[in-house]
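The next block holds one structure in the form of structure tokens; read it before the comments.
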Amino acid sequence: MNKRFAARRFERLYILFSKRMERRMLRLVAFLLLC
Numbered sequence: 014m015n016k017r018f019a020a021r022r023f024e025r026l027y028i029l030f031s032k033r034m035e036r037r038m039l040r041l042v043a044f045l046l047l048c
């Protein structure tokens with residue numbers, strides 16, 4: 014298996030995960046501010 018391909022795949026997964034977590038964190042912050 015290509016190491017470069019694996020790294021690119023992992024990077025894409027990490028970016029997707031970070032975006033999802035960022036959205037969740039923003040929602041949490043908004044919820045805390047509203048309360």
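Quick note: the sequence shown uses the working numbering, first residue 14, plus one each step.
Yeah, the Cβ is synthetic: ideal placement off N, Cα and C, and Gly gets one too.
Nothing here was measured: the structure is a model prediction, and the numbers come from that model.
- C-alpha of Ala-19 to C-alpha of Leu-29: approximately 15 Å in a straight line.
- For Leu-47 and Arg-36, the gap between their C-alpha atoms comes out near 17 Å.
- Straight across, the Cα-Cα distance linking Asn-15 with Leu-45 is about 45 Å.
- Note on geometry: alpha-carbon atoms of Phe-23 and Arg-17 lie some 10 Å from one another.
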